[in-house]
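Peer 1: Quick one: the structure is below, and I'll ask about it shortly.
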Amino acid sequence: MRGARQFTRTTLTQWELSDRFDDVALVVSELVTNALRHALPADTPREPQDASVRLHLMRWSSRLVCAVRDPSHASPEARKSDEDCAAESGRGLFLVESFSDTWGWHPLAGSLHGKVVWALFQLQAAD
């Protein structure tokens with residue numbers, strides 16, 4: 001997880017978007033944690049060089065997208081509104097929804113297996 005946060009900090013700094021780090025890092029942490037916790041079998045190695053889960057950051061002039069690829073075909077499930085909101089886990093996608101402008105997911109096609117879960121952040125136009 002530390003590697004994902006450091007990659008996010010370095011990338012946002014290079015893109016001169018350091019002011020967005022807190023929100024973006026929180027979303028990155030939730031997406032990567034969900035992928036590691038729910039998309040990989042318990043005995044899967046979680047070494048930094050393992051390519052089973054990948055984080056991508058993409059920037060356009062008016063938006064930033066955080067995308068996490070994992071090998072699972074299962075759709076991400078947000079907590080239902082009537083579930084225990086005080087629980088210490090299970091709030092990841094609620095936080096992603098709260099801190100990003102929108103989020104979604106799609107299955108991978110072709111020779112790639114799994115899915116991509118993404119979150120979009122609108123960026124302010126440069127003055």
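First residue of the sequence shown? That's 1 in the UniProt record's numbering, and the numbers climb one at a time after it. Where a beta carbon is used, it is the ideal one built from N, C-alpha and C, also for glycine. Note that the structure is a prediction, hence the values are computed from the model and not measured.
1) Is the separation between the beta-carbon of residue 96 and that of residue 30 shorter than 8 Å?
2) Under the assumption that residue 66 contacts residue 24 (Cβ atoms under 8 Å), give the Cβ distance between them as a whole number of angstroms.
3) Exposed or buried, what is residue 112 when buried is set at 16 or more other beta-carbons lying within 10 Å of its beta-carbon?
4) Since residue 15 sits in a beta bridge, which residues does DSSP pair it with?
5) Which residue or residues does DSSP assign as beta-bridge partners of residue 109?
6) Do you know whose CA, among 93, 8, 69, 119, lies nearest residue 107's CA?
7) I need the straight-line Cα distance from residue 13 to residue 122, nearest angstrom please.
8) By Cβ distance, which residues of its chain are closer than 8 Å to residue 20, with the 5 residues on each side in sequence left out?
9) Using the three-state DSSP reduction, which class does residue 26 fall into: helix, strand or coil?
Peer 2: This is what the structure holds:
1) As a working note, residue 96 is residue 96 in the sequence shown. As a working note, residue 30 is residue 30 in the sequence shown. Their beta carbons are under 8 Å apart, which means residue 96 touches residue 30 by this criterion.
2) As a working note, residue 66 is residue 66 in the sequence shown. As a working note, residue 24 is residue 24 in the sequence shown. Indeed, because the Cβ distance is near 6 Å, the residues count as touching under 8 Å.
3) Within the sequence shown, the letter at position 112 stands for residue 112. Under this definition residue 112 is an exposed residue.
4) In the sequence shown, the residue the question calls residue 15 occupies position 15. Residue 15 is not bridged to any residue.
5) Mapped onto the sequence shown, residue 109 falls at position 109. Per DSSP, none; premise fails for residue 109.
6) Here the question's residue 107 lines up with position 107 in the sequence shown. If we check each option's Cα against that of residue 107, 69 comes out closest.
7) Taking the first residue of the sequence shown as position 1, residue 13 is located at position 13. Taking the first residue of the sequence shown as position 1, residue 122 is located at position 122. If you take the alpha carbons of residue 13 and residue 122, they lie about 17 Å apart.
8) On the sequence shown, residue 20 is found 20 positions in, with the first residue counted as 1. Here the set comprises 12, 64, 121, 123.
9) As a position in the sequence shown, residue 26 is number 26, starting the count at 1. In this structure, residue 26 counts as helix in the three-state DSSP scheme.
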